[in-house]
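Take the sequence shown: its position 391, counting from 1, is numbered 1155 in my numbering, and each next residue is one higher.
Note that CB positions come from ideal geometry on N, CA and C, so glycine has one too.
Here is the structure we will look at, set down as C-alpha cells.
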Amino acid sequence: MQSFDLVVIGAGPGGYMAALRAAQLGLRVACVDEGVDGQQRPSPGGTCLNVGCIPSKALLESSALYARIIGEAAGHGIDAGPVQLDVARMQARKEKIVRQLTAGVGYLFKKNGVSFMPGRASFKGKEGDQIHLTVQRKDQEREDIAAAQVIIATGSVPRTLESMPFDQERILDSTGGLALTTVPRQLVILGAGVIGLELGSVWQRLGSSVTLLETRDIFLPEADQEVAQQALKILTQSYGLRIELGIHLEAVEKTTESLNLTYTSGGESRKLCADVLILAVGRCPNTKGLELERVGLAPDGQGRIPVDAHCRTPVPGVWAIGDVVRGPMLAHKAEEEGVAVAERLAGQLPEVNLVHIPAVIYTEPELAWVGLTEEAAQAAGRAVRIGRFPFQANGRAKARGAPQGLVKVIACAVTDRILGVHILGPEASELIAEAVVALEFQASSEDLARIVHAHPSLSEALREACLGVDGRTLNL
C-alpha cells in the first residue's frame, strides 16, 4: 500500500494548488480526482476548468465579440458585412481552451512530483496517525492508500429541485447551459445570481430572448445595492435581459414543442413559454461518497464540512477547503485556502482573510466588489464617507465605447481607511485587484488618491472615486 505525507481529494483550483504547494515544500503528495472529459479521459481542474469558470468565460468572450461586431463595428467605421454565427465552432474553441488548461494541470503535477490518481476517493478509517483511503478507478479497480494528512477539496455541484429534475435536453443545469449547440429562441433561467446572469448574457448576445426568474425580492442582495440597482437597469434596458424578481414558480409543463411555465409575481399568476430552461439556483457542497463518518466527520445542516479559521476539521490530520466549507464558493478563495493549508503543514503560519475575497460577475458591464457594502457598514454602525466616479467621465472608457457604470469607494469617516470598493464597468474584474491590495494593506482613500495612475486608463476612475471621498473629484 502506498503511503503519502499528504493526499488531496479533488483536483479543482483549491485541490491542485494545495498539492503543488505541498510538493514544493518537500511533502510526498498524491492528488485523487474523479473528473473526466467527454471521452471519459481523466481531466483534472474541477468544475472551474472543465464546466465552470473557464468555459463560461470562453463563451462570454466569443459572444461579446459577436455582439460587438454586429452592434458597434459600423460606429467605428468598419463595414463587417453579413456576420455568420457558427455555434459549433464557438463550442470547439471553448473545448480547446479547456483541454489546454486541464493538460496544464497534469503537466504541473509531473513537474512538481505530485502523484495524480484518477478515481474516486473515500475514507476507510484511521489507525494511529495514518488515515486510510480507497481509490476506485473508472475500470472498477480499487487501490488502498494511506496518508498522515488529508485535504478534502471536492468542490460543489449544481443544486437540484425535486420538482424539476434535469433531463439535460430541455431542463438543464449550468453545465448543460454551457454546452448548447444551437441558440434557443426562448430561454428561461431560474436564478438571477452570478451563474444565471453570465449564462443569460452569453445566449442573449447570440440572439436568444432571455428571461431570468429570481425568487428573491432583491437583485444581487450580496452586492452594494446602489451599484446593483444600476447594474440591473443597464442589463435590462441597454442589453435586453428580462429579469423578474420575487417570483414563485408553480409548475413546469412539458409539451412536444415547448416548456410552459406558470409562476406568480407581485401576486399575479403569469405564464411563460420556453424552448430551454436552465436551473441556476445555486450549488451544494460535494461530499457524497466520501464516507466521512468512517473518520468521525459529519457535514452541517447545509452540507458543509465544519472547519476552524485555518481549515482544520475536528478530526486531527483532516482538512477541508473551498466550496465544501464556510465562506463564498469562489475558485480563488479555494486556491488561497489550499496554499495556506499546504504551508501550515510545512510549519508556516499563513492567514486567509475571507473579508478581502473579491467577487466578480462577468456580465457587460462587469461587476466586482471587495469589502463592505454601504448597507453592511450602516448595519455595523460604521460612520463612512463615500466617493463615486462614473465611467462616463473616464476618457479610456469613452474611447472603448464602454462608458456605463461607476466606481464607488466606501471609507471610514474617522480614519479614512478604505472599507469597501464596488466597480460596475469595463474590466471591473481586473480593476478590483488594486482595491484588494488597498484593503489588505489598510490603505486610506488618500493613499490611493496620491498614487499616480496612467492616463488614459480605466484605473483612473478608482483614483477619482478616492478623491471623491473627500469631495475633491477633479474630472467631474
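Taking residue i as part of the alpha helix (DSSP H), name the residues at either end of that continuous run.
| i | result |
| --- | --- |
| Q968 | V958 to R969 |
| A856 | V851 to N876 |
| M928 | Unbroken run through M928: none, as it is neither H nor E. |
| S938 | S938 to G941 |
| A1175 | Careful: A1175 lies outside any alpha helix (DSSP H), inside the beta strand (DSSP E) at L1170 to C1176. |
| I1196 | A1192 to E1204 |
| C1230 | E1224 to V1233 |
| A1212 | Reading the sequence as shown, one finds Leu at residue 1212 and not Ala. S1209 to A1213 is the extent of the alpha helix (DSSP H) around L1212. |
Since residue i and residue j should fall inside the 8 angstroms C-beta cutoff, what is the C-beta to C-beta distance between them, to a whole number of angstroms?
| i | j | result |
| --- | --- | --- |
| A1132 | I1196 | 4 angstroms |
| L1118 | G1091 | 5 angstroms |
| V974 | L951 | 5 angstroms |
| R923 | G1046 | 4 angstroms |
| V738 | V1134 | Absent from the model: residue 738. The displayed extent of the chain is 765 to 1240, so no value can be given. |
| Q1206 | R1227 | Actually they do not touch by this definition, with Cβ atoms about 18 angstroms apart. |
| V1171 | A1218 | About 16 angstroms; that fails the 8 angstroms criterion. |
| P1220 | R1160 | 4 angstroms |
| L1136 | I1174 | 6 angstroms |
| V899 | M881 | 5 angstroms |
| G870 | P808 | 6 angstroms |
| P1080 | P1063 | Not confirmed; about 18 angstroms, so no contact. |
| R969 | A831 | 4 angstroms |
| G892 | G1086 | That belief does not hold up - the Cβ atoms of G892 and G1086 are roughly 28 angstroms apart, past 8 angstroms. |
| A1098 | G776 | 7 angstroms |
| D1234 | S1209 | 7 angstroms |
| M765 | D908 | 5 angstroms |
| V747 | V771 | Any answer about residue 747 is impossible in this case: the structure gives the chain only from 765 up to 1240. |
| P985 | W967 | Between W967 and P985 the Cβ distance is about 25 angstroms, and since that is not below 8 angstroms, they are no contact. |
Residues in the same chain with beta-carbon distance under 7 angstroms from residue i, minus the five sequence neighbours each way, listed in chain order, please.
| i | result |
| --- | --- |
| I1011 | L977, E978, T979, Y1027, T1028 and S1029 |
| A787 | V793, N876, G877 and V878 |
| E1100 | V1116 |
| S886 | L897, T898, G1053, L1054 and E1055 |
| R834 | Note on residue identity: the sequence assigns Ile, not Arg, to residue 834. Closer than 7 angstroms at the Cβ level, and outside the excluded window around I834, lie V847. |
| Q932 | G940 |
| I959 | S938 and A1044 |
If you drop the 5 nearest sequence neighbours on each side, which residues of the same chain put their C-beta closer than 6 angstroms to that of residue i?
| i | result |
| --- | --- |
| S767 | A910 |
| F930 | D937 |
| A1106 | A782, R785 and A786 |
| A1015 | T1026 |
| S1193 | V1124, E1130 and A1132 |
| S965 | T1127 |
| L789 | A1110 |
| A1177 | A1147, V1148 and R1149 |
So is residue i in contact with chain D if we call contact Cβ pairs under 7 angstroms?
| i | result |
| --- | --- |
| K890 | Looking at the structure shown, chain D is missing, and only one protein chain is on hand. |
Between which two residues does the beta strand (DSSP E) carrying residue i extend?
| i | result |
| --- | --- |
| T975 | S973 to L977 |
| S767 | Q766 to I773 |
| I916 | R906 to I916 |
| G1081 | That residue, G1081, is in no beta strand (DSSP E); it is neither H nor E in DSSP. |
| A891 | Reading the sequence as shown, one finds Glu at residue 891 and not Ala. Counting along the chain, the beta strand (DSSP E) containing E891 begins and ends at R884 to E891. |
| G1184 | I1182 to G1189 |
| L951 | Q950 to L954 |
| S920 | S920 to P922 |
| L897 | Q894 to Q900 |
| P1049 | R1047 to P1049 |
Excluding the 5 residues preceding and the 5 following residue i in the sequence, name in chain order all residues of the same chain whose CB lies nearer than 8 angstroms to its CB.
| i | result |
| --- | --- |
| I1245 | The structure shown does not extend to residue 1245, since the chain is modelled only from 765 through 1240, so no value can be given for it. |
| P1078 | G1060, L1061 and P1070 |
| L1023 | R934, I935, V952, V1016, E1017, C1037, A1038, D1039, V1040 and L1041 |
| A1104 | H1074, C1075, P1114, E1115 and V1116 |
| L963 | S820, S938, G941, L942, I953, I1042 and A1044 |
| R906 | T898, V899 and Q900 |
| L1094 | I1121 and A1123 |
Those runs of the alpha helix (DSSP H) which lie wholly inside the region 1084 to 1168 and span at least 4 residues: 1095 to 1109, 1138 to 1143 and 1159 to 1164
Segments assigned beta strand (DSSP E), at least 3 residues, entirely inside the region 983 to 1041: 1006 to 1008, 1011 to 1018, 1023 to 1029 and 1032 to 1038
Given 8 angstroms, three or more beta-carbon pairs between the region 991 to 1004 and the region 896 to 916: no
The region 838 to 850 touching the region 769 to 782, judged by at least three CB pairs closer than 8 angstroms: In short, these stretches do not touch, since the Cβ pair count stays below three.
Given 8 angstroms, three or more beta-carbon pairs between the region 1139 to 1155 and the region 936 to 955: no
Those runs of the beta strand (DSSP E) which lie wholly inside the region 785 to 820 and span at least 3 residues: 793 to 797
Sufficient close CB pairs (3 or more, under 8 angstroms) joining the region 1032 to 1042 to the region 1054 to 1070: no
Validate contact between the region 986 to 993 and the region 1185 to 1202 using beta carbons, cut 8 angstroms, 3 pairs: yes
The region 938 to 945 contacting the region 807 to 816, beta-carbon criterion three pairs below 8 angstroms: yes
The region 852 to 867 contacting the region 821 to 834, beta-carbon criterion three pairs below 8 angstroms: yes
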